[in-house]
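J.: For reference, the structure I am asking about is given below.
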Amino acid sequence: MKVLVKKIIKNKMLTVSLLLMVAIAGSAFFQQKEWKAPASADAKKNPLTADAVTIAAGKAVYVKECQSCHGKKGKGDGPSAKDLDIPAGDFSKATMQSQSDGALFWKTSEGRKPMPSFKKKLNETQIWQTIIYMRTLKQ
Numbered sequence: 013m014k015v016l017v018k019k020i021i022k023n024k025m026l027t028v029s030l031l032l033m034v035a036i037a038g039s040a041f042f043q044q045k046e047w048k049a050p051a052s053a054d055a056k057k058n059p060l061t062a063d064a065v066t067i068a069a070g071k072a073v074y075v076k077e078c079q080s081c082h083g084k085k086g087k088g089d090g091p092s093a094k095d096l097d098i099p100a101g102d103f104s105k106a107t108m109q110s111q112s113d114g115a116l117f118w119k120t121s122e123g124r125k126p127m128p129s130f131k132k133k134l135n136e137t138q139i140w141q142t143i144i145y146m147r148t149l150k151q
């Protein structure tokens, strides 16, 4: 009888442990889905104008720093994207294009796994230029 009780307790503990692991993994998955910039960052305006010089400068930064994951046309299909746990953002989609420049600036600066932070690698002007270039990738 004691052996049976021990097996039941062991099975219940295993079941509870598995359910807890699934809940934690699911929670992490859903937290990764939505990535919102703080309101103060979202309200920030791009100080640059979308002229040919700025777009060309943004493209140069994009090709060097972003294209490997986000792809040549910004669809999130770059050669390094296949190794990511979370798909790289697709700049051609309305969900990306509808975000404010401030939100994109914050996300580019701060990063979120697997995307690195660029605040120490790029200066503010380069980030703003890249955002202007990203805007040209819409469908």
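Going by the numbering used here, the sequence shown opens with residue 13, and the numbers climb by one from there.
Backbone N, C-alpha and C fix where the C-beta goes; we use that ideal spot for every residue, glycine too.
Since the model is a prediction, treat every value here as computed from it, not as a measurement.
1) Excluding the 5 residues preceding and the 5 following Q79 in the sequence, name in chain order all residues of the same chain whose CB lies nearer than 7 Å to its CB.
2) Around the Cβ of L149, are there at least 16 other Cβ atoms within 10 angstroms (buried) or fewer (exposed)?
3) Please report the residue range of the alpha helix (DSSP H) in which F103 lies.
4) With a CB to CB cut of under 6 Å and the five nearest residues on each side skipped, what residues in its chain are close to A62?
5) Going by the DSSP bridge assignment, what does M127 pair with across the sheet?
T.: This is what the structure gives:
1) To locate residue 79, count along the sequence shown from 1; it is residue 67. Result list for Q79: G90, in chain order.
2) The residue you call residue 149 lines up with position 137 of the sequence shown. With 16 or more other Cβ atoms within 10 Å, it is buried.
3) Sequence index remark: in the sequence shown, residue 103 carries index 91 (1-based). It is not in any alpha helix (DSSP H) - F103 carries neither H nor E in the DSSP assignment.
4) Reading the sequence shown from its first residue, position 50 is the one you call residue 62. Result list for A62: I144, in chain order.
5) For the purposes of this step, residue 127 is identified with residue 115 of the sequence shown, where counting begins at 1. BP columns for M127 point to R124.
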